[in-house]
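The structure under discussion appears below in the form of structure tokens.
In this note's numbering, the protein residues as written are 178 to 1080.
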């Protein structure tokens, strides 16, 4: 792995780039002003070049007129130019060609309906796919771009303004801007401009998708004003000669992070959110919009000195994005409100804790600078995106217990004023935060001492609570992981509440744990204590057996359960299952907590169940598969046990056109999806009843509630056959909504027909595939997640067709998304062995994705260690402890069947 810059002592002071776009290719001409230090002027000039064919290189000293005879070679992604004479200032002209792919990276051509667009996304290391450059994030330069061949598009927008007077009628030249190559972008399109959500913002959508009732317009307006105020950096004043408006393009075929100024390309389902849309789409979309808009500031205005410091940019950006979303959805009386506190804990903190539990999880900041593309992707994608904002959130609560004072915000605003359009590293952030904070608190007196252990190390602590009669509780810590880890201590901010004086609203920590401590409190024989109020701390909590027993008894009692905040009910469940997975508590504790979901309807709790029990479900189904001595319905019996309250309170058959709370709708959709996929008969009966149009049973019912469609479609494909699939495929042709289209495509992946799944996989990678680039990735992942047999078939297919799949999905980054999903759905030793043999093979064709595949391979080995030690224990406990479900399930099934018959 390279740990130094490509060419120390070389500065590309200015790039003048001209790109001429053809139907499926482009030609380029790069004029690069190069300054060399005296010490390195005799060394070759070097640039990164990927996927380009260089046709000509000319070098001149101070001007092209003073041409210097030079030799050059292009090898392993590096263009090396060796002039026969030395000079400190050189003009380098490189002419080249490249392929115009549809991958969403570099310069590419996207397609929708009967039209197309051309876009340029250079983040993080894709500038080298468009012109020879050094695209390391700390290499400041000035770039001027000219485009030809885009006359067929109504709009051509880039970071800067177009020149007022264009030198050539067939070309578009943009004002030069200072910056780094990876932050430039461009999009040429014929999308329609929608109503302006706010001043200086324009949204573009496909024809027919630009109605004025989009919920996202309210979010965009709110976020734009929020970021202007939060950062203290008004958008229109970011840089001279910028394109002064933010142009947001809803793209139906590409989902990639976009960092370029003045343009924001975002996947259509995230932004085209109609009033009748699913609450799930709104939940996802509002967060994605906030994060995409945040990157205009956190990513463009502030960029890392090296990618190993990306945690600062991502952490600040995503923390701020959730603050923006929380401010938008702050009215508890609003029926359509999405509770962003629930979403942040579930989708950020708990998601991060899960993947940070592996022994080879990457720390937020690695030890050395990184330059290789695979190492950069390995670092900035995945865990960093959730752990960085989770740590920022915890830090904010440590530094201030006043909700009106946010030192993270103050530090960000200071950086925007002192380091605007410059590079930021961890030290800059620490120093700035220490300056704006400038005071000790009862918890900490030094920011760096507190935060560095969380940043420089992987994993996190688990806090153990033990009651001592008459003296309160003793609190100790150990490093958490799914396998043994060297012990280290963190400074852990503790918050807690008790049954005697329950207060789940005060989320601020009151104690700091460094090694061990005793906290005084009076606990009676039946009193519980719960640490980590609303799950804001980045740690897990374990209790002694007696305290666990009291918590379980509280969760089993409806009145006591409702006293405990839903987020803490989710955190208790999430902690218990992962503590059991690591061998720290007995599975009897964790699974008894699972069974208390018989009283649960809250989304955040069911989300914690889904995240953890999906893994158990896969392993249990693989365990019983083909073994007649084992109960094939072992997981289904769990679902039967815990659905009683959720089904009776929320129902799988809600009344239509009833205006109910979005979080209730969100819960119902998630719970129905869990229960139908788990084979719960009343759920499947309801799904079958919903599926066909009551007025014409040869077509799909158009009035299925939006949040129930994933479960209804999946259940019918899962339990039906070719007829149900054909109905959905016909329904697909009537849809002009990209979110709904993906719902259908993912539902088809639920099929248990092996021949169909194989044909579906083949269709994804076919040259004439009917699916766009992002749909292909979504289909692959949906097949993998649907059930372990489909994951096994997908593993075989991917390992045999790796290069073809990488090209079909749009490059290594999308292949790696599929690898992540695959590694989380490996369910037995045979699949683990197949994955390992593939990754270890000299002919794996994994190419630059190998480093990520090797890390996932090692994590799968830890999963299989758990499988060998604990899976039979889990099966036996479930087999012996679910008898009370039988009568209730039979009654509910009978009622559901009767309803289906008479409707």
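Every residue gets a Cβ at the ideal spot worked out from N, C-alpha and C, and that includes glycine.
- Under the three-state reduction of DSSP output, residue 448 falls in the helix class.
- Residue pairing by DSSP leaves residue 841 without any beta bridge partner.
- Per the DSSP secondary-structure output, residue 187 pairs in a beta bridge with 213.
- Under the three-state reduction of DSSP, residue 283 is assigned to strand.
- Residue nearest to residue 794 within the set 1052, 700, 583 is 1052 (criterion: CA-CA distance).
- As computed with DSSP, residue 310 is found in a beta bridge with 225.
- The C-beta distance from residue 307 to residue 283 rounds to 5 Å, short enough to meet the 8 Å contact threshold.
- The beta-carbon separation of residue 551 and residue 483, rounded to 16 Å, does not stay under the 8 Å limit for a contact.
- Counting C-beta atoms within 10 angstroms of its own C-beta, residue 565 has 16 or more neighbours from the protein chains shown and is therefore classed as buried.
- A straight line joining the alpha-carbon of residue 1044 with that of residue 567 spans about 29 Å.
- For residue 481, the enclosing beta strand (DSSP E) covers residues 479-481.
- Fewer than three pairs of CB atoms, one per stretch, sit closer than 8 Å, so the stretch 499-519 makes no contact with the stretch 609-617.
- Distance from residue 315 to residue 682 at the Cβ level is roughly 44 Å; contact not present, criterion being Cβ atoms closer than 8 Å.
- In the three-state reduction of the DSSP assignment, residue 339 falls in the strand class, which pools E and B.
- Going by C-alpha positions, residue 334 is about 11 Å away from residue 327.
- Counting only the Cα atoms, residue 718 lies some 36 Å from residue 474.
- Per DSSP, residue 460 is one residue of the alpha helix (DSSP H) stretching across 456-471.
- In the DSSP assignment, the residues bridged to residue 355 are 319.
- DSSP, reduced to helix, strand and coil, places residue 727 within a helical segment of the structure shown.
- Between residue 492 and residue 436, the gap from beta carbon to beta carbon reaches 8 Å or more.
- The beta carbons of residue 882 and residue 850 sit no closer together than 8 Å.
- Look at residue 972 here: in three-state DSSP terms it is helix.
- Only residues of its own chain outside the window of five on either side were considered, and among them none has a CB closer than 6 Å to the CB of residue 1056.
- Across the structure, residue 731 and residue 705 are spaced so that their CA atoms are roughly 8 Å apart.
- In the pairwise beta carbon analysis, the stretch 917-933 is classified as touching the stretch 888-897: at least three pairs are separated by under 8 Å.
- The alpha carbon of residue 761 has as its nearest neighbour, out of 639, 278, 445, the alpha carbon of 639.
- Residue pairing for residue 365: DSSP places it in a beta bridge opposite 295, 333.
- Separation of residue 653 and residue 524 (C-alpha to C-alpha, rounded to the nearest whole angstrom) is 27 Å.
- In the displayed model, residue 873 falls within a strand according to three-state DSSP.
- Cβ-Cβ distances below 8 Å link residue 843 to 456, 457, 460, 515, 780, 884 in the same chain, with the five nearest sequence neighbours on each side left out; the list follows chain order.
- Three or more Cβ pairs closer than 8 Å define a contact, and the stretch 446-456 falls short of that threshold against the stretch 571-588.
- The beta-carbon separation of residue 924 and residue 905, rounded to 7 Å, stays under the 8 Å limit for a contact.
- Spatial neighbours of residue 674 in its own chain (CB-CB distance under 7 Å, excluding positions within 5 residues in sequence) are listed in chain order as 680, 681, 707, 710.
- Here the C-alpha atom of residue 186 lies approximately 6 Å from the C-alpha atom of residue 213.
- Residue 260 has 247 as its beta-bridge partners, per DSSP.
- In this structure, the beta-carbon distance from residue 974 to residue 1002 does not fall below 8 Å.
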